[in-house]
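Residue numbers (the numbering used here): -9 to 556.
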């Protein structure tokens, strides 16, 4: 929806405006900067709701309120509390006067909120859909790039270890020392405090006979609330069951535009033919773009700029290119379904360890340790034989032994325990909501689409939906997204429902090899001495057979370091 920037200090307004302009892509409909006795604040607006009202930052009675995002229930809150206002930011102001920090629990939406009332308060929605960064000396912004002009750039090696493990730094860390990101479901008042977390409370009334009908109702409701706005709303359409279902549900409210991306000459990655099947079925006005090797390299620096910090999910690049060709302000997307309903094949593999029994586990553990292998399978069995948590995130890339080997004295232990709750298979969902979705997928939706002034909304990631899923018995939720597929049978062709899942992937490794780009990893490292060069050479030599995601993480980080530090 917009960009926010604030500095609790005296700063030259021209310098401040230059920093705010670095986020102009987040909102081109209006810009406003105000000076107050306690600081300077700025706002770039993408007008979606209450288009004619440009009142942010809101400064009233020595209280400042500004936010990025959408409050889907703001009209209900106006009626419930008899508020004499008409816009989202005014609702936030009035609720703050009545409830102070507790006001955030009343909100249903995606948001990053800043309030100054005698001191600074920052709030972020429970999923982390809208980013919010800050420093301990009173600077906050929607993107890191707006903070960098006011701080010294230093690499955060703890965050680097997290990046190698999970493709991204983990909140509150960022890749920059002394710049923090507010964790999802938290607020900051000088300290980071939690206002919301997902809980597991099983309800045995839900059965395999009635569960899918309830999920369908919740998803319809979630889609409906995300159609809020005074602008046209479209849908991303990959050809998979999740985006197809969302688009089909949207189409019940009128003809929509749908958008797909493909890779001519790389049929293994190209799903456009399946997207066309759904588009024809629901009668959408369908658009598709072709992404090429030239596009990948031509846009690389622009994507790095939009990322803010390295996030090693190659689909950021395809998403950015697709967004560039979408002529709307808002789109819906299918993120979250796989994590909520165990759609990834690897979830099934991890489930197999729950009831597995092996005698002589200690002997097998010793045997493995005497015969180490630098592969994920070796590490997974080592954990199992050592009675350690086997699952540590669906997107775990470098495991700790590899991190130590790659970084040596610069390595840190990555804290994965905070994301494990002892909830059986629901640990998969909790962990991945916090890490894979919160730190990677939602940042793709925000950063890559807002880079082209588009707001992306994700109906599966709805508080009521997730709360309900966490109440299901294990056997009812099941696996392989059976619930979603059962619902989808009513909305999309069966050939889409029965398709085997494919990720949002493209032939990045082939393209890097064709241009001999992997040499960048060694070239940059010889200047920085960050990594163990011999280990880097081993990874590059082995290549896609074992280290495809490792290579991408190393290459992306090398390009980031070259851009920002060399």
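Heads up, the beta-carbon is just placed ideally off N, CA and C, and yes, glycines get one too. These figures come from a predicted structure and were not determined experimentally.
Under the three-state DSSP convention, the category residue i falls into
{"i": "residue 541", "result": "helix"}
{"i": "residue 305", "result": "helix"}
{"i": "residue 289", "result": "coil"}
{"i": "residue 46", "result": "coil"}
{"i": "residue 131", "result": "strand"}
{"i": "residue 56", "result": "strand"}
{"i": "residue 496", "result": "coil"}
{"i": "residue 278", "result": "strand"}
{"i": "residue 374", "result": "helix"}
{"i": "residue 62", "result": "coil"}
{"i": "residue 396", "result": "helix"}
{"i": "residue 198", "result": "coil"}
{"i": "residue 167", "result": "coil"}
{"i": "residue 346", "result": "coil"}
{"i": "residue 13", "result": "coil"}
{"i": "residue 547", "result": "helix"}
{"i": "residue 486", "result": "helix"}
{"i": "residue 106", "result": "strand"}
{"i": "residue 458", "result": "helix"}
{"i": "residue 97", "result": "coil"}
{"i": "residue 259", "result": "coil"}
{"i": "residue 268", "result": "helix"}
{"i": "residue 445", "result": "strand"}
{"i": "residue 4", "result": "helix"}
{"i": "residue 75", "result": "coil"}
{"i": "residue 322", "result": "strand"}
{"i": "residue 250", "result": "strand"}
{"i": "residue 32", "result": "strand"}
{"i": "residue 245", "result": "coil"}
Residue j beta carbon less than 9 Å from that of residue i
{"i": "residue 302", "j": "residue 153", "result": "yes"}
{"i": "residue 177", "j": "residue 91", "result": "yes"}
{"i": "residue 193", "j": "residue 461", "result": "yes"}
{"i": "residue 322", "j": "residue 148", "result": "no"}
{"i": "residue 32", "j": "residue 7", "result": "yes"}
{"i": "residue 224", "j": "residue 264", "result": "no"}
{"i": "residue 73", "j": "residue 96", "result": "no"}
{"i": "residue 425", "j": "residue 256", "result": "no"}
{"i": "residue 26", "j": "residue 130", "result": "no"}
{"i": "residue 309", "j": "residue 434", "result": "yes"}
{"i": "residue 428", "j": "residue 406", "result": "no"}
{"i": "residue 380", "j": "residue 409", "result": "no"}
{"i": "residue 238", "j": "residue 226", "result": "no"}
Proximal residues to residue i (C-beta, below 8 Å), its chain only, five neighbours per side dropped
{"i": "residue 212", "result": "449, 450, 452, 454 and 455"}
{"i": "residue 545", "result": "502, 507, 508, 510 and 511"}
{"i": "residue 368", "result": "358 and 362"}
{"i": "residue 208", "result": "452, 454, 455 and 458"}
{"i": "residue 483", "result": "267, 268 and 271"}
Neighbourhood of residue i by C-beta distance below 7 Å, restricted to the same chain and skipping five residues each side
{"i": "residue 19", "result": "35, 36 and 37"}
{"i": "residue 475", "result": "231 and 487"}
{"i": "residue 525", "result": "395 and 396"}
{"i": "residue 164", "result": "123, 134, 146, 149, 170, 171 and 299"}
{"i": "residue 49", "result": "24 and 26"}
{"i": "residue 306", "result": "293, 297, 434 and 438"}
{"i": "residue 219", "result": "38, 39 and 320"}
{"i": "residue 259", "result": "253, 495, 496 and 497"}
Nonlocal neighbours in the same chain, by C-beta distance under 6 Å from residue i, ignoring five residues either side
{"i": "residue 445", "result": "-9 and 320"}
{"i": "residue 21", "result": "34"}
{"i": "residue 167", "result": "144 and 146"}
{"i": "residue 332", "result": "469"}
{"i": "residue 372", "result": "358"}
{"i": "residue 94", "result": "113 and 185"}
Assumed close pair residue i, residue j - CB separation to whole angstroms, cut-off 8 Å
{"i": "residue 290", "j": "residue 5", "result": "No, residue 290 and residue 5 are not in contact; Cβ-Cβ is about 29 Å, not under 8 Å."}
{"i": "residue 234", "j": "residue 486", "result": "5 Å"}
{"i": "residue 473", "j": "residue 196", "result": "Not quite, the Cβ-Cβ distance comes to about 11 Å (not below 8 Å), so this is no contact."}
{"i": "residue 184", "j": "residue 411", "result": "That belief does not hold up - the Cβ atoms of residue 184 and residue 411 are roughly 14 Å apart, past 8 Å."}
{"i": "residue 556", "j": "residue 517", "result": "6 Å"}
{"i": "residue 272", "j": "residue 228", "result": "14 Å between Cβ atoms; not a contact."}
{"i": "residue 304", "j": "residue 495", "result": "7 Å"}
{"i": "residue 389", "j": "residue 366", "result": "7 Å"}
{"i": "residue 180", "j": "residue 108", "result": "Contact doesn't hold; Cβ gap of about 11 Å is too wide."}
{"i": "residue 151", "j": "residue 404", "result": "5 Å"}
{"i": "residue 418", "j": "residue 337", "result": "6 Å"}
Any non-hydrogen atom of the ligand GDP within 8 Å of residue i CB
{"i": "residue 81", "result": "By its list of ligands, the structure shown contains no ligand whatsoever, and the ligand GDP lies outside what it can speak to."}
Cβ contact check for the region 8 to 18 and the region 126 to 136: 3 or more pairs under 8 Å: yes
Inter-stretch contact (C-beta, 8 Å, three-pair minimum) for the region 242 to 254 and the region 271 to 281: yes
Segment contact flag, the region 111 to 123 with the region 54 to 72, C-beta cutoff 8 Å, min 3 pairs: yes
Cβ contact (3+ pairs, closer than 8 Å) linking the region 310 to 318 and the region 427 to 447: yes
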